[in-house]
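> Just so we're on the same page, my numbering is the position in the sequence shown counted from 1, plus 1366. Don't be surprised by glycine CBs; every beta carbon is placed ideally from N, CA and C.
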Amino acid sequence: MRKVTISDVASEAGCSKAAVSYVINRTRPISAEVRKKVLDAAERLGYYPSGKRNTPRRRSIALLIRGDFRVGIEPAFTFHHEIFRRGYVPQIFMCGSDAESLKPVLSAIGNDRNIAGVINTVPDIGSLNLLKYCRELPSFIYARNGCMLCSVHCNYTHRMNLALSHLHTLGHRKVVFFIDSATMDKQQMIDNLAFLQRYSRSVGMEARVVAHPERRDNPVLFPKLDREWDGGATAILAWNDFFASMVYQWAYERYIRIPDKLSVIAFCDEFSARGFAPPLTSVQIPLDLLVHHTVEALLARIEDRKTEEVLLHPFLSMGASTGPLLKKH
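Structural data, given as structure tokens:
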């Protein structure tokens, strides 16, 4: 059987041999239309380039997840299933939070000829990191409002309203909201502050925001929790399940019973909330919809289809970490 050559692919795709070489070797930008024609022609003819590359057809999606704690594990499983269902192969990359370990991982993804696109669930990786190291690979960031590489957004105002309304109904009047100052964008932080001020004034609550970089260790966070507890706080709203786990550990060491003495709510998924004892009351985004729309947006970019902005609304999932306000001490 005669070996398929670049000339055969060029003839089948109706373009020059140079264009075929550009698509396979990714040596320069080329239009999505020409790239699709070349890849389709190569797949039909069964063309396999010589050297280290096995096939020019990119059917893998790089999935970036955190490797240092469990935040993001359940979305990773859901993404894995959805990517497979759509006909692509997921490749999971574990990433840390420091720049030195991040650069080689993203560079390797950018140089991999089999990867068609990137989905990022890691808070420490921003749009500029992906655009710089992953070159022209289509990339999307999971669940991050106000981001240039995210077209699937969450109604965070409604999320705050659900959490604060629930605590107000239980009788709590002094609430602390711990946010991740390392990864939250400035506009989102301003929006959260503005909503807290408006809501607290309207219902007679005192709601404070305490910023804390997620990467910092417990000895830095615990004194902040001590100050808020001594100041009369009876409920804590956690930015994610990492913060919630720190609050649980702090409460255990201080002999503060949850929910008898302290109520805790977190913004996280159902998988993470069930792992707490007592189970965590949480405000959740419908994970299956969030993953479906994120994968669809990425595949539309890969296949040169039009993408649309999507806004998803959260819901309150009752656990056992919140209870009516009792005598504190």
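Tell me whether leucine 1494 counts as near the ligand GTP, meaning its Cβ is closer than 8 Å to at least one heavy atom of that ligand.
This structure simply doesn't include the ligand GTP, nor any ligand for that matter.
> Measuring CB atoms only, is the stretch 1368–1385 touching the stretch 1397–1404, in the sense that at least three cross pairs come out at less than 8 Å?
Because the criterion of three Cβ pairs below 8 Å is met, the stretch 1368–1385 and the stretch 1397–1404 touch.
> For phenylalanine 1681, which residues does DSSP report across the bridge?
Partner(s): Gln1650.
> Quick one: residues in its chain with C-beta nearer than 6 Å to the C-beta of arginine 1667, no 5 flanking neighbours on either side, listed in chain order?
Cβ within range, chain order: Pro1504.
> I need the straight-line Cα distance from glycine 1641 to glycine 1476, nearest angstrom please.
Their backbone Cα atoms lie some 35 Å apart in a straight line.
> Indicate whether valine 1541 and alanine 1604 have their beta-carbon atoms separated by less than 9 Å.
No, the pair does not count as a contact, with Cβ atoms beyond the cut-off.
> Helix, strand or coil: how does DSSP classify isoleucine 1396 here?
DSSP places isoleucine 1396 in coil when its eight states are reduced to three.
> Given a threshold of 16 other Cβ atoms within 10 Å of its Cβ, counted over all protein chains shown, does histidine 1679 qualify as buried or as exposed?
Histidine 1679 is exposed by the Cβ-count criterion.
> Skipping 5 residues on each side, what residues in its chain have a beta carbon closer than 8 Å to that of serine 1683?
Cβ neighbours of serine 1683 beyond the five flanking positions: Glu1636, Ala1639, Thr1647, Ser1648, Val1649 and Gln1650.
> Reducing DSSP to helix, strand and coil, say where leucine 1628 ends up.
Coil at leucine 1628, not helix or strand.
> Relative to the C-alpha of isoleucine 1485, which candidate in Met1526, Lys1672, Leu1664 and Arg1671 has its C-alpha closest?
Nearest option by C-alpha distance: Leu1664.
> DSSP on glutamate 1710, reduced to helix/strand/coil?
Because the chain in this structure spans residues 1367 to 1695, residue 1710 falls outside the shown range and cannot be described.
> With a Cβ-Cβ cutoff of 9 Å, do valine 1518 and valine 1676 count as a contact?
Against a cut-off of 9 Å, the Cβ pair of valine 1676 and valine 1518 comes out as a contact.
> Does the separation of the CB atoms of asparagine 1606 and aspartate 1557 fall below 9 Å?
Contact flag unset, no.
> Using CA coordinates, which residue listed in Ser1687, Leu1656, Cys1520 and Ser1426 is at the minimum distance from threonine 1444?
Closest by alpha carbon: Leu1656.
> Count the other CB atoms, across all protein chains shown, that sit within 10 Å of the CB of methionine 1460; report buried if there are 16 or more and exposed otherwise.
Classification of methionine 1460: exposed, given that the 10 Å Cβ count is below 16.
> How many angstroms separate the CA atom of tryptophan 1595 from the CA atom of arginine 1567?
Near 21 Å, if we compare the C-alpha coordinates of arginine 1567 and tryptophan 1595.
> Beta-carbon within less than 7 Å of leucine 1691's beta-carbon, same chain only, minus the 5 sequence neighbours each way: which residues are those?
Same-chain partners within the cutoff: Leu1536, Gly1537, His1538 and Thr1600.
> Which residue wins for smallest C-alpha separation from isoleucine 1507, given the options Ala1686, Val1389, Glu1669 and Glu1662?
Considering only alpha carbons, the answer is Glu1662.
> For the alpha helix (DSSP H) that alanine 1643 lies in, which residues bound it at each end?
Careful: alanine 1643 lies outside any alpha helix (DSSP H) and carries neither H nor E.
> What does DSSP give as the partner residues of histidine 1519 in its beta bridges?
Paired residues: Leu1677.
> Please confirm whether aspartate 1626 and glycine 1689 have their CB atoms less than 9 Å apart.
Yes, these two residues count as a Cβ contact at 9 Å.
> Going by DSSP, which residues form a beta bridge with arginine 1432?
According to DSSP, which records beta bridges pairwise, arginine 1432 is partnered with Cys1461.
> Can you check which of these residues, Leu1430, Pro1585 and Pro1456, is closest to lysine 1469 by C-alpha distance?
Residue Leu1430 is the option with its Cα nearest to lysine 1469.
> Identify, in the order they occur along the chain, each residue of the same chain with its Cβ nearer than 7 Å to the Cβ of isoleucine 1396, setting aside the five sequence neighbours on each side.
Within the same chain, isoleucine 1396 has close Cβ partners Ala1385, Tyr1388 and Val1389.
> Where lysine 1418 and leucine 1591 are concerned, what is the direct C-alpha to C-alpha distance, given to the nearest angstrom?
Reliability fails at lysine 1418, whose pLDDT of 40 lies under 50, so the model's placement of it is uncertain and no value is given.
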